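In my numbering, the protein residues as written are 625 to 806.
Built from N, CA and C at the ideal position, the CB exists for glycine as well.
Every value quoted in this text rests on a predicted model; they were computed, and no experiment measured them.
Here's the structure, in structure tokens; my notes come after.
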Amino acid sequence: MTETEAIDRCRRGDISGLSELFETHREKVYRLSWRMLGSPQDAEDVLQEIYLKVYDRIKNYRGDSAFSTWLYRMTTNHCLDVLRRRKIIAFLGFENAPEAVEKKDSAKAINLGLSPVVEKALGKLPEKQKACLLLREMEELSYEEIAAALNLSLGSVKSNIHRAKEFLKEYLEKEGLTPEDV
625 MTETEAIDRC RRGDISGLSE LFETHREKVY RLSWRMLGSP QDAEDVLQEI YLKVYDRIKN
685 YRGDSAFSTW LYRMTTNHCL DVLRRRKIIA FLGFENAPEA VEKKDSAKAI NLGLSPVVEK
745 ALGKLPEKQK ACLLLREMEE LSYEEIAAAL NLSLGSVKSN IHRAKEFLKE YLEKEGLTPE
805 DV
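Given below as structure tokens:
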């Protein structure tokens with residue numbers, strides 16, 4: 625079944641269309657969610673939530689961009705909402721609430737192909753910079769695809785990526801590391 629057929633089936637309420645879309649894009653949604661949220665458990669939750677949203681909102685997909693772009697936008701926005709909720713929970717003093725607890729998984733960075741130092745540095749980036757950088761470097765999207773996925777201008781995408789790279793470079797230098805060390 626082609627992606628277009630899967631989308632059409634999903635629009636008609638046929639669960640096989642959603643299953644096909646899920647299998648085709650599962651890994652990318654999971655990886656992006658894990659990188660943005662820093663936890664495999666959170667990524668698994670987001671994966672499920674995103675596909676419920678896809679099923680519910682597929683009628684809104686107009687086809688102006690690739691389905692993957694629409695899906696990345698939905699995933700990124702959902703992850704940004706999760707991160708905002710965490711900040712609000714922490715601000716209100718509920719740091720020990722299950723959703724706000726930061727998960728320390730030493731295998732996390734290795735599983736993502738990142739060193740623990742880089743993983744820590746990524747966690748310090750502003751949300752938009754992190755999203756732009758991850759979509760570019762880890763998911764290998766073009767600047768145009770990132771702009772469409774995040775609803776940003778092309779200049780904003782380039783600026784966010786540049787600032788993120790500069791921050792990472794400075795962070796690594798402060799840690800006494802060079803790019804070859806990570």
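- Pairing residue 667 with residue 676 gives a Cβ-Cβ distance that is not under 8 Å.
- Taken through DSSP and simplified to helix, strand or coil, residue 625 comes out as coil.
- In this structure, DSSP gives residue 710 a helical state, which the three-state scheme calls helix.
- Nearest Cα to residue 793 within the set 636, 745 and 680: 745.
- Following the DSSP letters along the chain, one finds residue 751 inside the alpha helix (DSSP H) bounded by residues 751–757.
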